[in-house]
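Using the working numbering, the letters of the sequence shown correspond one by one to residues 19 to 329.
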Amino acid sequence: MNHNRLISISDLSLDEIRKVFALTERLKKFPKRYRNALDGQIFGLIFEKPSTRTWISFETGIFSLGGGAIYLGPEDIQLGVREEVRDVARVLNRYLAGVILRTFSHETITEFGKYFERPIVNGLSNFEHPCQALADYFTLSEKFPKSVKPIVAFIGDGNNVLNSLILLAATLGFPLRYATPPKHQPSASLLKQARSMAQKSGAEIFGTQDPEEAVYGADVIYTDVWVSMGEEKRRAKKIKAFLGMQVNAKLLKKAKKNAFVMHCLPAHRGEEITNEVMESRRSIVFDQAENRLHVQKALLLHLCSRKGKEK
Ligand code: CP
Ligand code: NVA
């Protein structure tokens with residue numbers, strides 16, 4: 019298992035995820051104890067797309083651990099446009115302690131990873147959003163007793179967020195149901211990988227096109243935008259494909275009483291989720307957002323602790 023990169027959820031073993039969550043608990047309770055943990059280490063945040071949570075939580079997280087961060091937006095490095103990804107990776111290898119990458123194409127991160135020897139974190143690609151999934155499940159671990167594996171129902175696009183949740187369910191062994199329109203299902207190859215992992219963890223992963231079937235008896239309802247970053251031109255077509263997939267009060271009634279509602283944010287109220295549900299007491303979306311900070315701090319410390327890789 020490669021300990022110094024999180025490009026996909028499958029880069030972390032069950033044991034590593036448990037360690038990251040245990041460290042997250044300590045970091046959240048006693049943040050000052052860790053204020054020199056990344057002393058003098060400088061990270062690059064290379065973002066091809068906009069961000070609020072990922073950018074700010076990584077940047078504040080790194081500063082709060084005593085490190086430094088350089089944000090590089092879409093106009094700056096221009097991976098693969100101004101120069102080849104492999105050349106950028108080999109140059110940054112000589113300056114930085116690690117990178118957080120947000121790219122359009124997942125291949126850009128994997129290509130970068132072939133040439134960059136220090137910690138790399140996927141801060142969202144078209145294929146996965148592993149930091150989000152980790153923070154989400156950490157949030158659920160705070161809401162449910164340790165012995166409970168909540169049933170999570172994801173309603174919406176079979177996109178990056180769902181792909182990472184599927185791999186996380188397969189690793190940790192929690193039940194995951196998803197409802198997606200026929201043409202917007204999660205990656206078939208990733209599902210195959212998840213099903214093979216689930217043989218060990220016992221995770222039940224189930225897909226349907228019917229949101230009511232997915233949420234029936236669920237402890238948690240999760241959704242994400244219908245139109246992701248970079249898909250704006252497909253907006254009209256996508257909205258049409260997702261009609262009937264909205265997380266609203268009627269759908270919530272089909273889940274368990276007091277089921278929680280999650281959303282990775284940003285939300286498009288009135289599309290994938292109603293304002294009423296977002297603002298309801300069932301919504302834990304801001305706890306999820308907060309935990310991005312704590313989980314990612316733990317993740318960076320975990321990745322940077324790999325022997326022989328310190329700068
Ligand atoms: N959830 C999430 O990754 O948010 P940002 O796009 O604002 O980083
Ligand atoms: N699926 C969304 C997630 C945003 C955090 C996107 O890729 O835009």
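Even for Gly, the Cβ is constructed at its ideal location relative to N, Cα and C.
Query: Answer yes if the region 289-301 comes into contact with the region 265-277, meaning at least three C-beta pairs across the two stretches below 8 Å, and no otherwise.; Result: yes
Query: Out of V166, P68, S214 and I35, which has the shortest C-alpha to C-alpha gap to P193?; Result: V166
Query: Checking 7 Å against the spacing of the C-beta atoms, do P137 and N22 come in under that value?; Result: yes
Query: Would you mind working out which of S143, Q211 and I239 sits nearest P68, comparing C-alpha positions?; Result: S143
Query: Within the continuous beta strand (DSSP E) that includes N90, where are the two ends?; Result: According to the sequence provided, residue 90 is Leu. The question's Asn does not apply to it. Unbroken beta strand (DSSP E) run through L90: G86 to L90.
Query: Among residues of its own chain, excluding the 5 on either side of I118, which ones have a beta-carbon nearer than 6 Å to its beta-carbon?; Result: L63, F76, V139 and G141
Query: The beta strand (DSSP E) with H281 in it runs from where to where?; Result: F278 to H281
Query: Do S219 and N181 have their C-beta atoms closer together than 7 Å?; Result: no
Query: Is the CB of V245 under 7 Å away from at least one CB in chain D?; Result: As a matter of chain content, chain D is missing from the structure shown, which is built from one protein chain.
Query: Along the chain, where does the alpha helix (DSSP H) that runs through A197 open and close?; Result: No alpha helix (DSSP H) contains A197, which is instead part of the beta strand (DSSP E) from L194 to A197.
Query: Taking just the CA atoms, how far does I223 sit from A187?; Result: 8 Å
Query: Per the contact definition of three or more C-beta pairs closer than 8 Å, is the region 40-49 in contact with the region 309-319?; Result: yes
Query: What separation, rounded to the nearest whole angstrom, lies between the Cα atoms of C282 and A171?; Result: 14 Å
Query: Have a look at A259 and P199 and give me their C-alpha separation to the nearest angstrom.; Result: 7 Å
Query: The ligand NVA and M247: does the residue's C-beta get closer than 6 Å to at least one heavy atom of that ligand?; Result: yes
Query: Considering only their Cβ atoms, is the gap separating A197 from A232 smaller than 7 Å?; Result: yes
Query: Please report the distance separating the alpha-carbon of R253 from that of M296.; Result: 22 Å
Query: Could you give the distance in angstroms between the alpha-carbon of F81 and the alpha-carbon of Y52?; Result: 11 Å
Query: So who's on the other strand from I173, going by DSSP bridges?; Result: A197 and T241
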